[in-house]
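Per the working numbering, the very first residue in the sequence shown carries number 363; after that it's consecutive. These notes are about the structure you will find just below.
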Amino acid sequence: MGDDLIVISASNYYDDYCTFDLTVSTSWVRQSISFLGYTNTFEEFGKSLMNFPSNTAHEIWFQEGKDEGYGPWYLSIKAYCYNDQGHTALHIIIDNQESLPKKCRVGFSLLAEGASINSLGRSLFNWEIKQQQTIEWKAQTS
């Protein structure tokens, strides 16, 4: 704990389109993915995270690409409560959508306080990519 980090960088702007490079790391795993998207790709997800959680069954999803081999990549980020006391986490799945032997699919969770996830949401919602190319978020736990 304490080493959980998400870094998202944007580059290669063309109109309202860019390349995103996302890296998620913990003390035991580090995984990255690059994908194309609109400059506001994370805006709605960020807005939803700012008020998370509203109850212990609340889940918020961000998905890019299609799961199980239907595109060049797949990224899923799910904010969820993992117990009845309202403790929160982000579940990350990154899949390169390659066939064996190049297949790589990684799934894991980052524990983070609700206020920390809200902070990630504010950063994503307010992200002005042309002024700030990178967002770095460190999961806070108590």
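Every residue gets a Cβ at the ideal spot worked out from N, C-alpha and C, and that includes glycine.
1) Rounded to whole angstroms, what is the Cα-Cα separation between isoleucine 368 and glutamine 425?
2) Can you check which of these residues, Leu472, Ile439 and Lys409, is closest to isoleucine 395 by C-alpha distance?
3) Check this for me: beta carbons of phenylalanine 407 and tryptophan 489, under 8 Å apart or not?
4) Quick check for students: name the residue ranges of the beta strand (DSSP E) that lie wholly in the region 413-461, counting only runs of 3 or more.
5) Where does tyrosine 379 land, buried or exposed, given buried means 16+ other C-beta within 10 angstroms?
6) Go ahead and pull the three-state DSSP assignment for serine 371.
7) Using a Cβ-Cβ cut-off of 6 Å (strictly less than) and excluding sequence neighbours within five positions of serine 410, which residues of its own chain qualify?
8) Compare the C-alpha of tyrosine 442 against each of Phe470, Gln459 and Leu462 and name the closest.
9) Would you mind giving the Cβ-Cβ distance between glutamine 459 and tyrosine 444, rounded to the nearest angstrom? I have them listed as a contact below 8 Å.
Let me lay it out:
1) Rounded to whole angstroms, isoleucine 368 and glutamine 425 show a C-alpha spacing of 16 Å.
2) Looking at Leu472, Ile439 and Lys409, the one whose alpha-carbon comes closest to that of isoleucine 395 is Ile439.
3) No. Outside cutoff.
4) The region 413-461 is shown to contain whole beta strand (DSSP E) runs of 3 or more residues at 421-427, 436-443 and 450-457, in chain order.
5) Answer is exposed; the Cβ neighbour count stays below 16.
6) The three-state reading of DSSP puts serine 371 in strand, counting E and B together.
7) Around serine 410: Ile422.
8) Ranking Phe470, Gln459 and Leu462 by Cα distance to tyrosine 442 puts Phe470 first.
9) The beta carbons of glutamine 459 and tyrosine 444 sit about 28 Å from each other, so the pair does not count as a contact at 8 Å.
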